[in-house]
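All remarks here apply to the structure that follows.
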Amino acid sequence: MRHLYIHIPFCARRCSYCDFSIAVRKRVPAAEYVDSVRREIHLLTFGVGAEWVDPGAAPRGPSPVHPSLDTLYLGGGTPSLLPPDAVAALLAALRESFSWADTVEITLEANPEDVTADAARAWRRAGVNRVSLGAQSFDEGVLRWMHRSHDGIRIGTAMTALRAAGFDNVSLDLIFAVPAELGRDWSRDLDQALALRPDHLSLYGLTVEQRTPLARWIARGASAAPDDERYAAEYLLAHERLRNDGYRFYEVSNAARGGHRSRHNSAYWADRPYLGLGPAAHSYDGMARRWNLPAWEQYRGAVTAGRSPIASTERLTDEQRELERVYLGLRTSDGLPLTASARLRPPVTAWQRQGWVELRGDHVVCTPEGWLRLDGLVRDLTKPNGAM
Ligand code: SF4
Numbered sequence: 002m003r004h005l006y007i008h009i010p011f012c013a014r015r016c017s018y019c020d021f022s023i024a025v026r027k028r029v030p031a032a033e034y035v036d037s038v039r040r041e042i043h044l045l046t047f048g049v050g051a052e053w054v055d056p057g058a059a060p061r062g063p064s065p066v067h068p069s070l071d072t073l074y075l076g077g078g079t080p081s082l083l084p085p086d087a088v089a090a091l092l093a094a095l096r097e098s099f100s101w102a103d104t105v106e107i108t109l110e111a112n113p114e115d116v117t118a119d120a121a122r123a124w125r126r127a128g129v130n131r132v133s134l135g136a137q138s139f140d141e142g143v144l145r146w147m148h149r150s151h152d153g154i155r156i157g158t159a160m161t162a163l164r165a166a167g168f169d170n171v172s173l174d175l176i177f178a179v180p181a182e183l184g185r186d187w188s189r190d191l192d193q194a195l196a197l198r199p200d201h202l203s204l205y206g207l208t209v210e211q212r213t214p215l216a217r218w219i220a221r222g223a224s225a226a227p228d229d230e231r232y233a234a235e236y237l238l239a240h241e242r243l244r245n246d247g248y249r250f251y252e253v254s255n256a257a258r259g260g261h262r263s264r265h266n267s268a269y270w271a272d273r274p275y276l277g278l279g280p281a282a283h284s285y286d287g288m289a290r291r292w293n294l295p296a297w298e299q300y301r302g303a304v305t306a307g308r309s310p311i312a313s314t315e316r317l318t319d320e321q322r323e324l325e326r327v328y329l330g331l332r333t334s335d336g337l338p339l340t341a342s343a344r345l346r347p348p349v350t351a352w353q354r355q356g357w358v359e360l361r362g363d364h365v366v367c368t369p370e371g372w373l374r375l376d377g378l379v380r381d382l383t384k385p386n387g388a389m
């Protein structure tokens, strides 16, 4: 496993659209969290699930696990809620069990309100070299509606602190297609984001997940449901604006300039194996997925008692793997490799006429219009009479 994900589940509050596995805490149990991840690594090292870090290894006796990491991603939740010394302790614990080269990409997800000059310097000293900043919007009304804990000004302050601390790889997350009643000016938000010159942007359309405050607001008529036309118009506007500013979309939701692609997320999209640690973290070995107990207290209880925190494992069927291959291929700008005969068969030729895909060598690559209908294209390609 060259790619490691650590799930840090704590958040100050739940955002209105979020259904992630989180633990809302006023006080983050930082020492307990770091201790739990250490214990999970220990369980892996001494046999429980060791085959996930060393394919082919049977559960075994004491021998350290030493894969060489290419990327490490601290995601959540809100990893920036961990005090900087706990982030340093976590990275030190990981270094004891995983070797990594100087070129390792270490990403920390941060919310703007947590990014102070001191915290940014401490993260940098601990080895973090990429920060993904959850901006979402610069509009105060939208931020309040989303239950975010920062204001628009704070995003710029955070960016300044990160640059001053030496971060030359910073990503901003934005959410588009919020309900029209909020009066959000998406073009203005894009202007404000681009003015900060992030190295990378992740743009996500608002979706309504079950059991979120947003789903309840919509159910009782207090908020409008997402609008497909607004979604398409804002997505295409973002493509145009970012392209004009020197960014290149390399995945349906992600754009970079100066080659600052997320190496960690690119590994997911290239179908590479990865290991996840922490509550709710997923792992993948190329043939099967497994995931940890989602609730922090359950996870903590299991690893403290020396039990495996794995909640479940799923071995992928051939059909699932084929669906993944098509979906992963079409979502990136590298495209989906197809045989020459497959490229000439419907529905690919029909999509070309519609302007939804282009052929580049032996790859079919989505255009922005194609990415807008990605799920439908994948469905068409993988149904029995599709091009595959
Ligand atoms: S900060 Fe992120 S993980 Fe936490 S509730 Fe908000 S969107 Fe979800």
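The sequence shown runs 2 to 389 under the working numbering. Beta carbons are placed, not taken as given, at the ideal position from N, Cα and C, and that holds for glycine. From a predicted model like this one, the values you see are computed outputs, not experimental measurements.
Query	Result
Which residues DSSP lists as bridging residue 367, in chain order	358
Helix, strand or coil at residue 171 [DSSP, three-state]	strand
Whole runs of the beta strand (DSSP E) within the stretch 89 to 117, excluding any shorter than 3 residues	100 to 111
The ligand SF4 heavy atom lying under 8 Å from the CB of residue 145	no
Among 259, 374, 156, 162, nearest to residue 123 - alpha-carbon criterion	162
Range covered by the beta strand (DSSP E) that runs through residue 213	Taken as a continuous stretch (DSSP letters only), residue 213 belongs to no beta strand (DSSP E), as it is neither H nor E.
Contact between the stretch 111 to 120 and the stretch 272 to 291 (3+ Cβ pairs under 8 Å)	no
Status (buried if at least 16 other CB within 10 Å, exposed otherwise) for residue 321	exposed
Euclidean distance between Cα positions of residue 151 and residue 144	7 Å
Inter-residue spacing [alpha-carbon to alpha-carbon] between residue 127 and residue 23	24 Å
Delimiting residues of the alpha helix (DSSP H) encompassing residue 267	264 to 270
Residue 256 (DSSP reduced to helix, strand or coil)	strand
Collapsed DSSP secondary structure at residue 316 in the structure displayed	strand
Whole-number beta carbon distance between residue 110 and residue 80, since they are thought to touch under 8 Å	5 Å
heavy atom of the ligand SF4 below 8 Å from residue 155 C-beta	no
Exposure of residue 454, with buried meaning 16 or more beta-carbon neighbours within 10 Å	In this structure the chain extends from 2 to 389, so residue 454 is not present and cannot be described.
Burial state of residue 376, where buried means 16 or more other Cβ atoms lie within 10 Å	exposed
Nearest residue (CA-CA) to residue 36, options 16, 88, 82, 199	88
Proximity test, Cβ basis, 9 Å: residue 99 and chain D	Absent from the structure is chain D; it holds one protein chain and no more.
Residues sharing a beta bridge with residue 9, DSSP	77
The stretch 85 to 101 touching the stretch 69 to 77, judged by at least three CB pairs closer than 8 Å	yes
Start and end residues, beta strand (DSSP E) containing residue 134	131 to 137
Contact check, residue 178 vs residue 232, beta carbons under 9 Å	yes
Cβ contact check for the stretch 200 to 207 and the stretch 248 to 259: 3 or more pairs under 8 Å	yes
Which of helix, strand or coil DSSP assigns to residue 69	strand
Helix, strand or coil at residue 42 [DSSP, three-state]	helix
For residue 30, the nearest candidate out of 13, 323, 18 (CA to CA)	13
The stretch 355 to 365 contacting the stretch 306 to 324, beta-carbon criterion three pairs below 8 Å	no
Burial state of residue 252, where buried means 16 or more other Cβ atoms lie within 10 Å	buried
Proximity of residue 132 and residue 168 at Cβ, strictly below 9 Å	yes
Identity of the residues DSSP links to residue 202 by a beta bridge	173, 256
Closer than 8 Å: residue 47 CB and nearest the ligand SF4 heavy atom	no
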